[in-house]
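A short worksheet on the structure shown next.
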Amino acid sequence: MSTDSYNKQENITLLEVLDRVLDKGVVISGDIVISCADIDLIYLGIKILLTSVETMESYKLARLNEPT
0 MSTDSYNKQE
10 NITLLEVLDR
20 VLDKGVVISG
30 DIVISCADID
40 LIYLGIKILL
50 TSVETMESYK
60 LARLNEPT
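Per numbering that gives the first Met the number 0, the sequence shown starts with residue 0, numbered consecutively.
Here it is in structure tokens:
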């Protein structure tokens, strides 16, 4: 296996990254726990879907057309 593929550097701009994320979509999830004196007081679970409206609409149409 060649190591040349690992040595290639590709310049990717922030705009290209944003375009790829909006085209495919990304899910960000996380948990936040607020505690005081080792007593958990508040738990917050977060899931965020980041995508373009066009991509989301195409996913919705694909799900509606799935056979049940």
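Using N, Cα and C, we set each Cβ at its ideal position, and we do this for glycine too.
In this text, all values refer to a predicted model and were calculated from it rather than measured experimentally.
_Taking contact to mean 3 or more Cβ pairs, one atom from each stretch, closer than 8 Å, check whether the region 9–21 and the region 37–47 are in contact._
no
*Within this structure, are the beta carbons of residue 16 and residue 46 separated by less than 8 Å?*
no
_Endpoints, the alpha helix (DSSP H) within which residue 57 is located_ = 52–63
*asked:* For a quick check, are the C-beta atoms of residue 31 and residue 48 less than 8 Å apart?
replied: No, the pair does not count as a contact, with Cβ atoms beyond the cut-off.
*Can you pull the DSSP bridge partners for residue 29?*
45
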